[in-house]
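Residue numbers (the numbering used here), protein chains in the order written: chain A, 2 to 222; chain B, 7 to 277.
Glycine included, each C-beta is placed from N, C-alpha and C at the ideal position.
First the structure, in the form of structure tokens, and then the observations on it.
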Amino acid sequence: MISYGQHRFPGKLFIVEGTDGSGKSTQLALLHQWLRSEGHTVFFSEWNSSPLVKDTSRRAKKRRLFTPTTFSLLHATDFADRTERDIIPPLKAGAIVLADRYIYTAFARDVARGCDRAWVREMYRFAVRPTVAFFFRAPLDVAIDRIVSGRPVLKHYEAGMDMGWTDDPEESFTIFQGKILEEYDRMVEEFDLTVIEATRSIEEQQREMRGIVSRHLKELK
Amino acid sequence: MRLHAFYGTALPGIEHDTYSGKLIVIEGTDGVGRSTQIALLRSWLESRGHAVLDTGMTRSVLAGRGIKEAKLGHTLGRLTMQLFYATDFADRLENEMLPALRAGFVVLTDRYIYSAMARALVRGADPNWIRAIYGIALIPDAVFYMRIRSAEELVPRVLQSGRKFDYWESGMDLHQAEDLYDSFIAYQKLMLREFDRMSGEYGFRVIDASRPVRRVAADLRRAVGRLVDSGETAQRTPAVARPTETPPSSPPSEPLAIDAVHRSERAQTSG
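Written out as structure tokens, the structure reads:
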């Protein structure tokens, strides 16, 4: 088994992370457009998208079967499938892989749910280390406003309602996102995340992102 | 009542809980007769007034169906498979085994983490990685390892049961051989080797499963009866630090016939 940081592939892996509502998916979509228009072979991979795990995950959410541990393990299963199927083969082929959320999402969420920090990190040790991991940092109130105004109902696990902190979904979501943000902040140094201030304009953020990405693409051409 | 003891990282939230039941594991390779023995043991324990929960790999409400479906296709990768099994295990541990143990049940489990780890290891998983994941496992009160002398011995059992050779039980995903039979033998040999390696480390009580069903059943009843009635407890220290020479803790007056055989076999091979 090849561990984090030890893979050597000709391709490049760029990932985006951040709390819900930080604007990271919008930024990644813009980056995707640009890379394609520049003539690169780009493969896009999304969190929670393994066809093998999808049915199990959907059923478990609907019937509320998860504990923090099984939530963590099933997401790791999903991520393993993405790694084996969507991430390693294109990287071997020399393509650019873009991932919306990566292992840091699991580290933040699972630890916010009470899982052991070291246990979760060890479980994901097989992950390919990204070329650049962008962390879109938005203050808690900004992120929460964007989510709550855009969506009428918060989902059970999304709001952290499984933790029983409070009966109010919005309050629960705020507590949960606060804990998640704390974990992200802790990871900036640990995993050398590239912080993008998500309060700036979309255009500014994208310009910065493209600048950083293009520095890693010279060797691809 | 005893505190939960884990192999590694405790499950969140239950580090300080206690339970009064017994966790008994039946391990062994495919076709060795585990489910027959568990059925016999269960009715015997129930006739003696013990409440029994039996569980086994891929039977979880959460992941059982997903694993079975994933195994029908041809896209299940190695890491994905190992983590899917771990999800199944954790769901059964948290939602079946622990509640039953707290309620004073005897929990009989058809395979535990050892089969899952052996499957991962023969597929090249990093031992430290798979052990860390299964660190959430409760250390059982006893692990009975139904051991067979050779992989070839399993073949008539598999065929007679009408199950045929299964793609995964034959390790076809390892691409070691052209056909199911050759692959089955090669794969089960690797599995036997992994089990033998784990045997000392995790304090398996070895049962010679090459003998007739009733003799194996008699051994299991004697050992399980003692465990359940006298409150005999297994060593509750994590296995990691234990030297491999340490034999399973059965009283010298009444050893499991096969422990001795197995130990001398191992002594010969290692000497």
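Checklist entry - By how many angstroms is the C-alpha of Arg-208(A) removed from the C-alpha of Tyr-91(B)? => result Taking the second sequence and counting its residues from 1, the one referred to as residue 91(B) is at position 85. Taking the first sequence and counting its residues from 1, the one referred to as residue 208(A) is at position 207. Between Tyr-91(B) and Arg-208(A), the C-alpha separation is close to 44 angstroms.
Checklist entry - Using CA coordinates, which residue listed in Val-112(B), Pro-18(B), Arg-65(B), Glu-33(B) is at the minimum distance from Ser-53(B)? => result Locating residue 53(B) in the second sequence gives position 47, counting from the first residue. That would be Val-112(B), whose Cα lies nearest to the Cα of Ser-53(B).
Next on the checklist: Helix, strand or coil for Gly-27(B)? Go by DSSP, reduced to three states.
Outcome noted: Taking the second sequence and counting its residues from 1, one reaches residue 27(B) at position 21. In this structure, Gly-27(B) counts as coil in the three-state DSSP scheme.
Next on the checklist: By alpha-carbon positions, which one of Asp-97(B), Leu-99(B), Arg-98(B), Lys-74(B) ends up nearest to Met-87(B)?
Outcome noted: If you number the second sequence from 1, residue 87(B) lands on position 81. Out of Asp-97(B), Leu-99(B), Arg-98(B), Lys-74(B), Lys-74(B) has the C-alpha closest to the C-alpha of Met-87(B).
Checklist entry - Between the beta-carbon of Met-210(A) and the beta-carbon of Leu-32(A), is there less than 9 angstroms? => result As a position in the first sequence, residue 210(A) is number 209, starting the count at 1. As a position in the first sequence, residue 32(A) is number 31, starting the count at 1. Yes, the Cβ-Cβ distance between Met-210(A) and Leu-32(A) is below 9 angstroms.
Item to check | Alpha-carbon to alpha-carbon, Leu-99(A) and Leu-155(A) | outcome: To locate residue 155(A), count along the first sequence from 1; it is residue 154. To locate residue 99(A), count along the first sequence from 1; it is residue 98. Going from the Cα of Leu-155(A) to the Cα of Leu-99(A) covers about 27 angstroms.
Checklist entry - Shorter than 9 angstroms from the beta carbon of Arg-114(A) to some beta carbon of chain B? => result Taking the first sequence and counting its residues from 1, the one referred to as residue 114(A) is at position 113. So yes, Arg-114(A) belongs to the interface.
Checklist entry - So, helix, strand or coil for Tyr-158(A), using DSSP? => result Along the first sequence, one-based indexing puts residue 158(A) at 157. In this structure, Tyr-158(A) counts as coil in the three-state DSSP scheme.
Checklist entry - So Val-129(A) and His-8(A) are in contact, right, with Cβ under 8 angstroms, and what is the actual spacing, rounded? => result One-based indexing of the first sequence puts residue 129(A) at position 128. One-based indexing of the first sequence puts residue 8(A) at position 7. Contact flag correct, Cβ pair sits at about 5 angstroms.
Item to check | Proximity test, Cβ basis, 9 angstroms: Trp-120(A) and chain B | outcome: Stepping through the first sequence from its first residue, residue 120(A) is reached at position 119. Yes - at least one Cβ of chain B is within 9 angstroms of the one on Trp-120(A).
Checklist entry - Any chance the segment 48-61 of chain A sits against the segment 164-182 of chain A, with 3 or more Cβ pairs inside 8 angstroms? => result no
Next on the checklist: Check whether chain A comes within 9 angstroms of Thr-81(B), counting only Cβ atoms and requiring the distance to be less than that.
Outcome noted: Residue 81(B) sits at position 75 when you count from the first residue of the second sequence. Yes, its Cβ sits closer than 9 angstroms to a Cβ of chain A.
Checklist entry - Would you say Glu-251(B) faces chain A, with C-beta separation under 9 angstroms as the test? => result Here residue 251(B) corresponds to residue number 245 of the second sequence, with the count starting at 1. Any answer about Glu-251(B) is weak, because its pLDDT of 38 lies below 50 and its placement is not dependable; what the coordinates show is given next. It does not; no Cβ of chain A falls within 9 angstroms.
Next on the checklist: Across the segment 72-82 of chain A and the segment 102-122 of chain A, are there enough close Cβ pairs to call them in contact, namely three or more that are closer than 8 angstroms?
Outcome noted: yes
Item to check | Counterpart residues of Phe-45(A) in DSSP-defined beta bridges | outcome: Looking up residue 45(A) in the first sequence gives position 44. Partner(s): Leu-99(A).
Next on the checklist: Rounded to whole angstroms, what is the Cα-Cα separation between Arg-64(A) and Ala-215(B)?
Outcome noted: What you label residue 64(A) is simply residue 63 of the first sequence in a count that begins at 1. What you label residue 215(B) is simply residue 209 of the second sequence in a count that begins at 1. The alpha-carbon atoms of Arg-64(A) and Ala-215(B) are separated by roughly 41 angstroms.
Checklist entry - At which residue ranges does the segment 55-81 of chain B contain complete alpha helix (DSSP H) runs of 4 or more residues, listed in the order of the chain? => result 70-78
Next on the checklist: Let me make sure I understand the geometry here. Which of Val-128(B), Phe-190(B), Gly-39(B) has the alpha-carbon closest to that of Arg-84(B)?
Outcome noted: Walking along the second sequence from the start, residue 84(B) turns up at place 78. Out of Val-128(B), Phe-190(B), Gly-39(B), Val-128(B) has the C-alpha closest to the C-alpha of Arg-84(B).
Checklist entry - Name the DSSP beta bridge partners of Leu-9(B), please? => result In the second sequence, residue 9(B) corresponds to position 3, counting from 1. Partner(s): Thr-24(B).
Next on the checklist: Run through the DSSP bridge pairs and tell me what Gly-19(A) is partnered with.
Outcome noted: Mapped onto the first sequence, residue 19(A) falls at position 18. Partner(s): Phe-137(A).
Checklist entry - Is the CB of Thr-64(B) under 9 angstroms away from at least one CB in chain A? => result For the purposes of this step, residue 64(B) is taken as residue 58 along the second sequence, with counting starting at 1. Answer no: the Cβ-Cβ gap between Thr-64(B) and chain A never drops below 9 angstroms.
Checklist entry - For the segment 48-82 of chain A, which residues have a CB atom closer than 7 angstroms to at least one CB atom of chain B, in sequence order? => result Leu-53, Val-54, Asp-56, Thr-57, Ala-61, Leu-66, Thr-68, Pro-69, Thr-70, Thr-71, Leu-74, Leu-75, Ala-77, Thr-78, Ala-81, Asp-82
Next on the checklist: Between the segment 21-34 of chain B and the segment 40-47 of chain A, can you find at least three pairs of beta-carbon atoms closer than 8 angstroms?
Outcome noted: no
Next on the checklist: Checking 9 angstroms against the spacing of the C-beta atoms, do Leu-89(B) and Ala-77(A) come in under that value?
Outcome noted: Walking along the second sequence from the start, residue 89(B) turns up at place 83. Walking along the first sequence from the start, residue 77(A) turns up at place 76. Yes, the Cβ-Cβ distance between Leu-89(B) and Ala-77(A) is below 9 angstroms.
Checklist entry - Does Asp-193(A) have its Cβ less than 9 angstroms from a Cβ in chain B? => result Taking the first residue of the first sequence as position 1, residue 193(A) is located at position 192. So, not an interface residue.
Item to check | Pair within 9 angstroms by beta-carbon distance, Thr-106(A) and Glu-172(A) | outcome: Taking the first residue of the first sequence as 1, we reach residue 106(A) at position 105. Taking the first residue of the first sequence as 1, we reach residue 172(A) at position 171. Not closer than 9 angstroms, so no.
Next on the checklist: My assumption, with CB atoms under 8 angstroms, is that Gly-37(B) sits in contact with Arg-217(B). Please give the rounded CB distance.
Outcome noted: On the second sequence, residue 37(B) is found 31 positions in, with the first residue counted as 1. On the second sequence, residue 217(B) is found 211 positions in, with the first residue counted as 1. Their Cβ separation, rounded to whole angstroms, is 15 angstroms, which puts Gly-37(B) and Arg-217(B) out of contact at 8 angstroms.
Item to check | Proximal chain B residues relative to Thr-84(A), where beta-carbon distance stays under 9 angstroms | outcome: Translated into the one-based positions of the first sequence, residue 84(A) becomes position 83. Residues of chain B passing the Cβ test: Gly-83, Leu-85, Thr-86.
Next on the checklist: Cβ closer than 9 angstroms: which chain A residues qualify as neighbours of Glu-100(B)?
Outcome noted: Position 94 of the second sequence, counted from the start, is the residue given in the question as residue 100(B). Per Cβ cutoff of 9 angstroms: Thr-68, Thr-70, Thr-71.
Item to check | Pairwise C-alpha distance: Arg-122(A) and Leu-17(B) | outcome: Residue numbering aside, residue 17(B) sits at position 11 when the second sequence is read from its first letter. Residue numbering aside, residue 122(A) sits at position 121 when the first sequence is read from its first letter. Each residue's alpha carbon lies about 15 angstroms from the other.
Next on the checklist: Let's see if you can read the secondary structure: which residues bound the beta strand (DSSP E) around Leu-114(B)?
Outcome noted: Here residue 114(B) is taken as the residue at index 108 of the second sequence, counted from 1. Unbroken beta strand (DSSP E) run through Leu-114(B): 112-116.
Checklist entry - At a cut of 8 angstroms, does the segment 57-68 of chain B reach the segment 109-125 of chain B through at least three beta carbon pairs? => result yes
Checklist entry - If you measure from the beta carbon of Asp-117(A) to each beta carbon in chain B, is any gap under 9 angstroms? => result The sequence position of residue 117(A) within the first sequence is 116, counting from 1. Interface residue, yes.
Item to check | Which residues DSSP lists as bridging Tyr-140(B), in chain order | outcome: Stepping through the second sequence from its first residue, residue 140(B) is reached at position 134. DSSP lists no partner for Tyr-140(B).
Checklist entry - Which partner residues does Glu-209(A) have in the DSSP bridge list? => result Here residue 209(A) refers to the residue found at position 208 when the first sequence is read from its first residue. In the DSSP output, where bridge partners are listed per residue, Glu-209(A) has none listed.
Next on the checklist: Just to confirm before moving on: does the CB-CB distance between Gly-177(B) and Tyr-193(B) stay below 9 angstroms?
Outcome noted: Mapped onto the second sequence, residue 177(B) falls at position 171. Mapped onto the second sequence, residue 193(B) falls at position 187. Yes, these two residues count as a Cβ contact at 9 angstroms.
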